[in-house]
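Let me begin by presenting the structure, written as structure tokens, before commenting on it.
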Amino acid sequence: MNEPTHRHLATVTAAPEVHQPTPIVMRPAAPAIVLPHTVPNVASVVLPDGRIVTGYAIDPIQPEPVAAKPIVSRAAVNIALGGVGFLAVCGGLLLLTTFITALTALITQLITLAAVIFGGWIAVQVFSTSGHRCGGTVHIRKAVIKRNHFHR
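What follows is the structure, encoded as structure tokens:
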């Protein structure tokens, strides 16, 4: 029962079929066509066994160019411009305060002049002997003082 059957022996002893791939006949490489610069160059390499491998050449990756730093930063330029503007404003404020001080001194002098003139006019009016008099005249030489009372 465990003996192999004739059929089984026939299939086991039969020679296996071997399929050979069909060789590809390589044609010689055609001359390269010049294309615009947007298409990368095609490179062809002939291997030692006669095969030709064609492909695109890969350019090495180049790093992005670093933007050159300015000698002076923008913040420093802005601060400097702000300082120049502040100095311009300070000059104007200095002129304004000088004008206000001069105006104050002028007003003070005008008030003093008016007080001197008006005070002089009042003094002339009070102490002048010309003109009419009002009220009674008291002669002090004739006055008599009795018992701490003044009598005329």
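Residue numbers (this note's numbering): 654 to 805. Think of the CB as a built atom: it goes at the ideal place given N, C-alpha and C, for glycine as much as any other residue.
In whole angstroms, what is the alpha-carbon distance linking G744 and V725?
-> For the purposes of this step, residue 744 is identified with residue 91 of the sequence shown, where counting begins at 1. For the purposes of this step, residue 725 is identified with residue 72 of the sequence shown, where counting begins at 1. Looking at the two C-alpha atoms, the distance is approximately 27 Å.
Residues that DSSP places opposite S697 in a beta bridge = Position 44 of the sequence shown, counted from the first residue, corresponds to residue 697. For S697, the pairing in a beta bridge is given by DSSP as T707.
What residue from Q673, V699 and E670 has the CA that sits closest to P681's CA?
-> Indexing the sequence shown from 1 puts residue 681 at position 28. Among Q673, V699 and E670, the Cα nearest to that of P681 is on V699.
Starting from V816, follow the alpha helix (DSSP H) in both directions and report where the run begins and ends.
-> Residue numbering for the chain in the displayed model covers 654 to 805; residue 816 lies beyond these limits and cannot be assessed.
Kindly examine the ligand ATP and report whether one of its heavy atoms sits closer than 7 Å to the Cβ of S781.
-> No copy of the ligand ATP occurs in the structure displayed, which carries no ligand at all.
Less than 8 Å separating the beta-carbons of V709 and V719?
-> Here residue 709 is taken as the residue at index 56 of the sequence shown, counted from 1. Here residue 719 is taken as the residue at index 66 of the sequence shown, counted from 1. With the sequence shown as reference, residue 709 is identified as Tyr, and Val is not the correct amino acid for it. Result no, Cβ atoms of Y709 and V719 do not sit closer than 8 Å.
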